[in-house]
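Residue numbers (the numbering used here): 253 to 373.
All C-beta atoms, glycine included, are put in the ideal place defined by N, C-alpha and C.
All values derive from a computational prediction rather than experimental measurement.
Worksheet: the structure to be examined is printed underneath.
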């Protein structure tokens, strides 16, 4: 994989304090396979945090596949996303679904979370 295909460190929520804060604050949007917590960011670009627990799948291979799918959808839609921080939680039952279904739900939830955040301003 080329380095250009990776999310840069500045595009990820990595330090535990800001990760916890974004996981508790902001607006929450729920879908069948994902829950997204979103809030305005001080940065000039959207950032992503991921939570895929062992409740989703006991196998690390499946959890990593789900994280790769989420990152790919985020990378694809970055141009349309506002300057917000998104923390995506995967729900149990996600591991058997197809990429297309998961991609559509994530895109829909990203859009709803942006609308909700902008309506709160």
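Opening and closing residue of the beta strand (DSSP E) in which residue i lies
i, result
"residue 281", "279-282"
"residue 289", "286-292"
When the options are compared against residue i, the one with the closest alpha-carbon
i, options, result
"residue 294", "336, 344 and 273", "336"
"residue 267", "279, 290, 300 and 288", "300"
"residue 338", "269, 371, 280 and 260", "280"
"residue 323", "369, 298 and 307", "298"
"residue 347", "272, 320, 291 and 368", "320"
Nearest-angstrom Cβ-Cβ length linking residue i and residue j, presumed shorter than 8 Å
i, j, result
"residue 313", "residue 342", "Residue 313 to residue 342, Cβ: 14 Å. No contact."
Sequence ranges, beta strand (DSSP E) only - wholly within the region 325-356, length at least 3: 336-342
Any 3 or more C-beta pairs closer than 8 Å across the region 278-295 and the region 348-365: Yes, the region 278-295 is in contact with the region 348-365.
Any beta strand (DSSP E) of 3 or more consecutive residues that is wholly inside the region 296-320: Listed in chain order, they are 299-303.
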